[in-house]
Amino acid sequence: MFYVKLAGRNIHQSMSNFLPFALSSVVMFLMNLMIATILLSPSLKKLQRWENFAMLLSLGLIVLTIFATIFMIYSYRFLLKRRTKEFGLYNILGLKKRQIVRISILELLMMFLVTVVAGTILGIVLAKFLYLILINLVGENYFDLQWSPLAVGIVTVLFACIYLLLMIISSFSIRRQSSLELLKNANKGEKEPKSRGILALLGLVSLGIGYYLAVTVASPLDALTKFFIAVLFVIFGTLLFYMSFTIWLLKRQKKNKGYYYQPKHFITVSSMLYRMKQNAVGLANITILVTMTFVTLATTVGLFSSINGFLNDYFVRNTIININTTQQQSIELVDQVAEKNGIKLSNPVVYERSNSIVGALNNGKFENKQNLANLTAVNFMTAETYTTLTGNPVHLRGNEAIAFPAVGSLNENQVKFGNRTFKIKQKINGIRNFPSTSRMASNWLILIVNSKSQIQPVLDDATKAAGNHYLLGFDTTISADLTGKDAKKLQTTLSNYRVNGDAPIQRRDDSKTKIEQDDRGEEKTLAGMPPTFERYDDMHQQLISFAGGFLFIGLVLGFTFILGTALIIYYKQISEGEQDKRSFEILQEVGLSSDEVRQTIRSQVLLVFFMPIGVAIVHFGFAFIMIQKLISLFGTTRFGLLLLTSIGTIAVVAAIYYIIYKQTSHAYYRIVER
Amino acid sequence: MLLQVNHLQKIFQTRFSKEKTVALHDVTFSVEDGEYIAIMGESGSGKTTLLNTLATLEKPTSGSVLLSGQDVTKIKENKLAEFRRTHLGFIFQDFNLLDTLSVRDNIFLPLVLGRQKVRVMEQRLEKLAPRLNISDLLNKQPFELSGGQKQRVAIARALITEPELVLADEPTAALDFKNSEGLLTLLEDINETGQTILMVTHSAIAASHAKRVLFIKDGRIFHQLYRANREAADFMQEISMTMTNLLGTEVR
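First to last, the sequence lines map onto chains Z and S. Numbering-wise, the first sequence is residues 202 to 875 according to the numbering used here. Numbering-wise, the second sequence is residues 32 to 283 according to the numbering used here.
See below:
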């Protein structure tokens, strides 16, 4: 009982030490609980495509748990460090180490109880609020969330494990130190850090490789595979950068006597140099966290906000029907079916183009091989079709062509397919009544050439390269505005037809689902395929729920990352304030005016504080190129919008960061000021 | 006359209580150029308050402190740091070296703050270092030094600005006997070259190395002794006697 009392009194008395720890513990518990509650709630299953959300939420939960573990350990070690003196006093006054360990375990148990109780109550209330956000983001209106005891149970067990880990850490670190060591402050002298040239070089090289990977990404699929490698390189490089490069730079500044022996630089450079060693890891952590926040938020916000733009680019009319045969046959079929069922197609747009050939486009040379790094889909269109679509007459002679690089870019004046070369007469950046974006994960190039006879040999080559499984030819796209009812009827009827290139269209009585069952390559091709059908509303719903789910997880993670950053910074400020307190006293006695003190503090704190954000912005700048490619995987490639949302998110995060900075620097001033 | 202290009074009053504590009653004395003066008193006698007032770290309630004719109590707050830097040198009980700076940079500190040229700083250090026997220590960090070495570095920092007055606050308190003796002899040598030193101490041994000793008790100067040409040991006996008789305390 005595120990319980002592532990309780300890927490009560050093509230200022325990409060940040308690806060981070409760908030981490809360975030985990909210996600778990939504994940386990039966009402989630009532959403469309709930499996997607469930997967996203589980992923989020895993990330959050890992983050919570790391973060709680960080917080607790800080707490322990600040209390070594107290424990040392107990030891000298006659408590055995075992008993001190018992006290600290009791303290942790109390914190755990507080966390579970406060976290559960807050969690039940706030989960509803969070769920409301999710529902709104994915564009549904069904709202009913029950709190789930199972979720509370799971998260409590998770945190029990984390606390158990903390108890182990505490008992180890208390046992390891001798009583005098415990009593003495952690103010041990340190040797000035050596500059480690090789490490600095390695850090720069590592950053360089990460950046290079990001910059040279050629296509979305390439970005996906390279993303994680680049991230690893950049994390490693950041750590080395702070550990060595900054020390090396500061040392160089110190060697420059004219620069170093100026009041402004003298104190800042020397104390940064002194601090760099202790805090390189802390700064690297903050930088990586801030970068993670940027990337998470910018990606998800960018994805979400570019949906409408994508749909507008893709849907020339609200319904798109694609039929794998010539224009003539297609129109006949659709007209006939529409007439029979009394369906009206308003504002129809019809065009014919070649089937896509997919391969690697390198320096204007197209090869029929699947290379992730520069995967490009090419469609051909005749000048005649182009003129009908746009109303612009074009005159192409011989092997001249007009290029429309809808996704990606084309820098060369010619495109070579085997031994056939097309000379690019003109590059355009849009075709009227033609989509300017594709749903494919690759780059997309449209070539307008004089006649079909020029195209067929290229298609035949591609067929041969693909193993003669099915013939490549021309397909027809019919876009029109249809009412929902008509569209449904048309789709059902058309699904009974089998289209196979130039072969006559056949009618089958078995349903479309049957065909999907033997969707295994050749058989399907032999039988032909039903016309494909895409509707604006369907795809809108699908994309919104997908991107909304992503945005939701992005917001939750982003919030948690910012919170984590804030706490790490707060801890840094406090511990540095305590270290610097004595230095500033001495400086003032020797003859530093209080104005100069304030200036020095400001420039020091500012540098240490904004260096992470500066580095994070540089990181993000390179990540942006990748993010852009990654997002275009999901069918959106709007550079301007993405740039805008990215700048927006950076501004918002930076503003929050600034508020944190203001608050924590108050704490620093309070400690340092005489 | 270098320093003239006139009717100095200092009353402390905490913000939330009406109770007043008088630290200095009415202190008047003067210091000639080239003097080495020790102010002796026990804990709570007001000697540290007196030193802090002379050091412009505290403002007196009334009275004046004239250093080379300038009233330091009238100097504006934002000019004080500069004044301390250029006119005064400090030696502290616990050395007050900055851990973040090397020994050399600790010594340079006041000059750097005074925006002195690097060449001047190096020239002065070159002259000073052999005298204080710290030439080998310059590139070390403070935590690598012994107490005596640290105090010699602190003295170098106090002297490098070539101040009119060096103020020493219990400079031997954190040192063992041997180091104390060495340091006191060193301060005497420095005084021989014409440097004015004012030391505050409660140690009769430390005080016995000064040329003149003032005794302070309850915020008042009670008595003063001149060393004349006596040996430090003889002088110390008289100081001890005086302490016992006048101040009614035992001398440690």
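C-beta atoms are modelled at their ideal positions from N, C-alpha and C, and glycine is treated no differently. Source: prediction; values computed, not measured.
- Pairwise C-beta distances place the region 594 to 609 of chain Z in contact with the region 618 to 632 of chain Z, as three or more of them are shorter than 8 Å.
- Taking C-beta separations shorter than 6 Å and ignoring five residues to either side along the sequence, the partners of Z:Y862 in its chain run F810, following chain order.
- The beta-carbon distance between Z:Q805 and Z:M473, rounded to whole angstroms, is 7 Å. This is short enough to meet the 8 Å contact definition.
- Taking all protein chains shown into account, Z:T684 has fewer than 16 neighbouring C-beta atoms within 10 Å of its C-beta and is therefore exposed.
- The three-state secondary structure of Z:A856, taken from DSSP, is helix.
- When C-beta distances to chain Z are compared with 9 Å, the residues of the region 106 to 120 of chain S below that value are E108, N109, K110, L111, A112, E113, F114, R115, R116, T117, L119, in chain order.
- DSSP places Z:Y277 inside the alpha helix (DSSP H), whose first and last residues are 251 to 283.
- Neighbours of Z:Y475 in chain S, taken as residues whose beta carbon is under 8 Å from its own, are D130, T131 in chain order.
- Measuring C-alpha to C-alpha distances from Z:L672 to each of Z:T586, Z:F785, Z:S555 identifies Z:S555 as the nearest.
- Buried is the label assigned to Z:N233, since at least 16 other Cβ atoms lie within 10 Å of its Cβ.
- In the DSSP annotation of this structure, the continuous segment of the alpha helix (DSSP H) that includes Z:G510 starts and ends at 508 to 515.
- Among the CB atoms of chain Z, one or more fall inside 8 Å of the CB of S:M152.
- A distance below 8 Å separates the beta carbons of Z:L611 and Z:L646.
- Residues are counted here when their Cβ sits less than 9 Å from a Cβ of chain Z; for the region 61 to 95 of chain S these are A86, L88, given in chain order.
- Taking 3 residues as the shortest admissible run, the region 557 to 621 of chain Z contains the following complete beta strand (DSSP E) segments, listed from N- to C-terminal end: 558 to 563, 566 to 568, 576 to 583, 601 to 608, 615 to 618.
- For S:P161, not one C-beta of chain Z is nearer than 8 Å to its own C-beta.
- Proximity of Z:K773 to chain S, defined by a Cβ-Cβ separation below 8 Å, is not satisfied.
- One Cα belongs to Z:K689, the other to Z:F254, and the distance between them is close to 27 Å.
- Bridge pairing for Z:W449: absent [DSSP].
- DSSP lists Z:A578, Z:V608 as the bridge partner or partners of Z:W645.
- Selection S:I42, S:G65, S:A54, S:V58 evaluated against S:M32 yields S:G65 as nearest (Cα-Cα).
- Looking from the CA of S:A160, the closest CA among S:D102, S:R188, S:Q147, S:G120 belongs to S:R188.
- DSSP assignment within the region 128 to 167 of chain S yields the following whole alpha helix (DSSP H) runs of 4 residues or more, N-terminal first: 134 to 144, 149 to 163.
- Short of 7 Å from the beta carbon of Z:S242, and not among the five residues preceding or following it, lie these beta carbons of its own chain, in chain order: L346, Q347, S349.
- For Z:T520, the secondary structure class from DSSP, reduced to helix, strand or coil, is strand.
- Contact note: Z:L793 reaches chain S through A112, L144, using a C-beta cutoff of 8 Å and chain order.
- Taking a 10 Å sphere around the C-beta of Z:P705, we find fewer than 16 other C-beta atoms and assign the residue as exposed.
- Residues of the same chain with a CB within less than 6 Å of the CB of Z:T846, apart from the 5 flanking positions on each side, are V502, G503, S506 in chain order.
- Under the criterion of beta carbons closer than 8 Å, Z:L331 and Z:M235 qualify as touching, at roughly 5 Å.
- Contact between Z:L441 and Z:L403 holds, with the beta-carbon distance rounding to 6 Å and staying under 8 Å.
- The continuous beta strand (DSSP E) containing S:I252 extends over residues 251 to 257.
- With fewer than 16 neighbouring CB atoms inside 10 Å of its own CB, S:E108 falls in the exposed class.
- Listed by position along chain Z, the residues whose Cβ is nearer than 7 Å to that of S:D136 are S471.
- Chain-order list of chain Z residues neighbouring S:N127: R783, E786, I787, E790, V791, by C-beta distance under 9 Å.
- Z:L224 and Z:L307 have their C-alpha atoms roughly 18 Å apart.
- Per DSSP, reduced to three states, the secondary structure at Z:K455 is helical.
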